[in-house]
Amino acid sequence: MCGIIGAVASRDVTSTLLEGLKRLEYRGYDSAGLTVITSDNQFERLRASGKVKYLQKLFDKHPISGNTGIAHTRWATHGKPSEQNAHPHIAGNEVAIVHNGIIENHQIIRAKLLSYRCDITSETDSELIAHLVYLELNAGNNFFAAVKNLSHEIEGAYAIAIIHRSEPGRMIAIRKSSPLVIGLGTNENYVASDALVLLPLTKRVIYLEDGDIADIYTDKVIVYDVNGNQVQREIHILKDSLAGAEKEKYAHFMLKEIYEQPDAVAKTLEGRLSSRHVLTEAFGIKAPEIFNQTKHVMIVACGTSYHAGLVAKFWIEEIAGISCQVEIASEYRYRQKIVEPDTLFITISQSGETADTLAALRSAKKYNYLATLAICNMPVSSLVRESDLVLMTDAGPEIGVASTKSFTCQLASLIMLSIALGSYKGLDPGTETNLIKLLSSLPRVLEQTLKLDLSIKNIVSDFQNKQDSLFLARGILYPIAKEGALKLKEISYIHAEACPAGELKHGTLALVNPAMPIIVLVPEDDLVKKIKSNLEEIATRGGNVILFADKRVELDYSQARQIIRMPVVERLLAPIVYSIPMQLLAYYVALLK
Ligand code: GLU
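Residue numbers for the sequence shown follow this note's numbering, so the first one is 1392 and each next one is one higher.
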């Protein structure tokens, strides 16, 4: 999902819009455009395929001006990247719109609009919004009522800003499952998809809530909630530190980024879910066709991203019901491969420049994979450029070297991918809706999990003067035990090894002694009995056990030195939630050392 900036003022806003677009560039996009209402109440529009600098060049050649305007950077989901498909879209020379997100019922709406002989000029789902508003105006509704009625017709995820040629000095914004923030200036007001864009313009902002409609004028902003009631939304004061490059109140970036996870995961989910589905097109225009054809999945990544891939194998096989292989990129790239027909090749990397992962992608192109998909945090990266499909993890800048929030955002992206694939593979609609509900509650569960901070800080003395440690788990949490061990090694320099708890008896048990901390993850699932018997094996050897256990699991307290009770979480989401105590543990042990 890409960027929106809009402004109503008593001065020319064109340069404000262009500057805003430049500030939105970090999100990645394929085209850009802007529309203003001129002093003689006409629309003037500039659109360009590619970078904002091309739009700027157009503007330099054909300067336009107007006091009311909207602008957009587009990441195509419906219709190829092109000038024709770039936003803003205009209907009947009366209504101009910019839209972030996906209109799920676009086919039905397009058919209806064509039956009314609407002149649709692009392949996008977004243009249809402009026509719907225009039809409402023609039916005698005023501008506000037209937009309100629109919200009853469109389904999916959207953030939309709309202007009406006959009403300069006014802009209406509406959102659902896609972020939108109003900026309050002095005798001028703005709307943007990202508060960061507003920072040079104003520090006073209102974050719109789902279903809100904002009626924006130069001297006032009126917000209505989903039921049409006028509401007073809180005015927030932006901090300069919003750019993400400051530690704020946190001692280290790693801790700050651990705490950013509920927000980062919420952003990653935002715009990609409707109430019942994952919006497949969020992965790219060709995603529906490719997912429909996919019979196998091959995931290739390094380090933490590889662990995300290991979790995804459980999700893809269980939720989508198709086979999934996961491999370390530095191994994959140097071997001969046999590729099953219709295999989707997936890479995962925070930076999108991880050398082995990139080389693996390039080597995969020599084989007959169905398509390539990248899960990445950096839109302007080689991995994104060279893949057919992309899902951006909206983790924001990760400054700490040990990956934290980008890992949980990768996981959130991968579970969305599993559900999206599942919807083409006969996933039961009830299960799908249930998974969407669970996912929507995830940021809240992560908030709760962060409250364990102090309890975790209090147990790290067990690691004082220790050289070795062991991380145990079973099933879907085994990759999280691996990630916990990797985090600890990476930042505390303590040797750490992860072992599937069922494998302990085949050798590793010999290492268990009272001097070695053993971290065990015990979610509430079918394997809980099994892991309890592993705990007995450890207890007989006097192992020093630290348990992270779901509140519901009944435990024999004599088997553990420390027990941290985890919030209640559904099994499939446990990997995301249990990542947090692993990160906090590594952080506090490193501090202690
Ligand atoms: N679905 C819209 C399109 O393809 C909006 C994409 C975006 O969020 O940039 O034009």
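The C-beta atom is built at its ideal place from N, Cα and C for all residues, glycine as well.
Please classify Gln1621: does DSSP put it in a helix, a strand, or coil?
strand
Residues in its own chain within less than 6 Å of Gly1866 by CB, not counting five upstream and five downstream?
Leu1918
DSSP has Ile1954 in a bridge; who is on the other side?
Bridge partners of Ile1954 according to DSSP: Leu1938.
Residues in its own chain within less than 6 Å of Ala1786 by CB, not counting five upstream and five downstream?
Ala1655, Asn1768, Lys1796, Ser1797, Cys1800
Using the three-state DSSP reduction, which class does Gln1716 fall into: helix, strand or coil?
strand
Helix, strand or coil for Met1645, going by three-state DSSP, please let me know.
helix
Assuming Asn1580 contacts Val1612 (C-beta within less than 8 Å), just tell me the rounded distance between them.
5 Å
For Ile1971, does the count of other Cβ atoms within 10 angstroms reach 16, so buried, or fall short, so exposed?
Only buried fits Ile1971, as 16 or more other CB atoms lie within 10 angstroms of its CB.
Whole-angstrom Cβ separation of Gly1345 and Tyr1549, contact assumed at under 8 Å?
The structure shown does not extend to residue 1345, since the chain is modelled only from 1392 to 1984, so the question has no answer here.
Put Gly1574 into one of helix, strand or coil per three-state DSSP.
In the structure shown, Gly1574 sits in a strand (DSSP, three-state: E or B).
Comparing alpha-carbon positions, which option in Asn1618, Thr1609, Val1968 lies nearest Ser1832?
Val1968
His1480 and Glu1518 look like a contact to me (Cβ under 8 Å); what is the Cβ gap, rounded to whole Å?
Indeed, because the Cβ distance is near 4 Å, the residues count as touching under 8 Å.
Considering only heavy atoms of the ligand GLU, does any lie closer than 8 Å to the CB of Arg1465?
Arg1465 has its Cβ nearer than 8 Å to a heavy atom of the ligand GLU.
Per the contact definition of three or more C-beta pairs closer than 8 Å, is the stretch 1769-1782 in contact with the stretch 1673-1681?
yes
Does the distance between the C-beta of Ser1924 and the nearest non-hydrogen atom of the ligand GLU fall short of 8 Å?
no
Please find out if some non-hydrogen atom of the ligand GLU comes closer than 8 Å to the beta-carbon of Ile1493.
yes
Give the DSSP-derived three-state secondary structure of Pro1454 in the structure shown.
coil
By the three-class DSSP mapping on this structure, what secondary structure does Arg1566 have?
strand
Tell me whether the stretch 1704-1715 and the stretch 1752-1769 touch, counting them as touching only if at least three CB pairs, one residue from each stretch, are closer than 8 Å.
no
With a threshold of 8 Å, are at least 3 pairs of Cβ atoms found where one atom belongs to the stretch 1561-1568 and the other to the stretch 1471-1486?
no
Residues bridged to Arg1465 by DSSP?
DSSP links Arg1465 through a beta bridge to Ser1422.
Alpha carbon to alpha carbon, how far is Phe1534 from Leu1575? Give it in angstroms, no decimals.
Here the alpha carbons of Phe1534 and Leu1575 stand approximately 22 Å from one another.
Would you say Tyr1420 touches the ligand GLU, meaning its beta carbon is less than 8 Å from a heavy atom?
yes
Just to confirm, are Leu1446 and Leu1415 a CB contact at a threshold of 9 Å?
In this structure, Leu1415 does not lie closer than 9 Å to Leu1446 by Cβ.
Going by DSSP, what residue range makes up the beta strand (DSSP E) through Cys1393?
Run containing Cys1393: none; DSSP gives neither H nor E here.
List the endpoints of the continuous alpha helix (DSSP H) containing Glu1874.
1869-1883
Measure the alpha-carbon distance for His1627 versus Gly1934 and round it to whole angstroms.
Each residue's Cα considered, the two are about 51 Å apart.
I'd like to confirm the pairing. Which residues does DSSP put opposite Phe1434 in its beta bridges?
Ile1428
Check whether the stretch 1944-1960 touches the stretch 1904-1917, taking contact to mean three or more Cβ pairs, one atom from each stretch, closer than 8 Å.
yes
Less than 8 Å separating the Cβ of Ser2002 from some heavy atom of the ligand GLU?
An answer regarding residue 2002 cannot be provided, because it is not within the stretch 1392 to 1984 covered by the chain.
Can you tell me whether Glu1672 sits near the ligand GLU, meaning its C-beta is under 8 Å from at least one heavy atom of the ligand?
Yes, Cβ of Glu1672 sits closer than 8 Å to a heavy atom of the ligand GLU.
Helix, strand or coil, according to DSSP, for Thr1734 in the structure here?
Thr1734 falls in the strand class under three-state DSSP.
Would you say His1469 touches the ligand GLU, meaning its beta carbon is less than 8 Å from a heavy atom?
Under cutoff, so the answer is yes.
Would the stretch 1498-1515 count as touching the stretch 1444-1458 if we require 3 or more Cβ pairs under 8 Å?
no
Taking Thr1784 as the reference, give the member of Val1399, Phe1450, Leu1861, Ser1740 with the closest Cα.
Ser1740
Could you pull out every residue in the same chain whose Cβ sits closer than 6 Å to the Cβ of Val1717, ignoring the five residues on either side in sequence?
Ile1690, Gly1700, Leu1701, Lys1704
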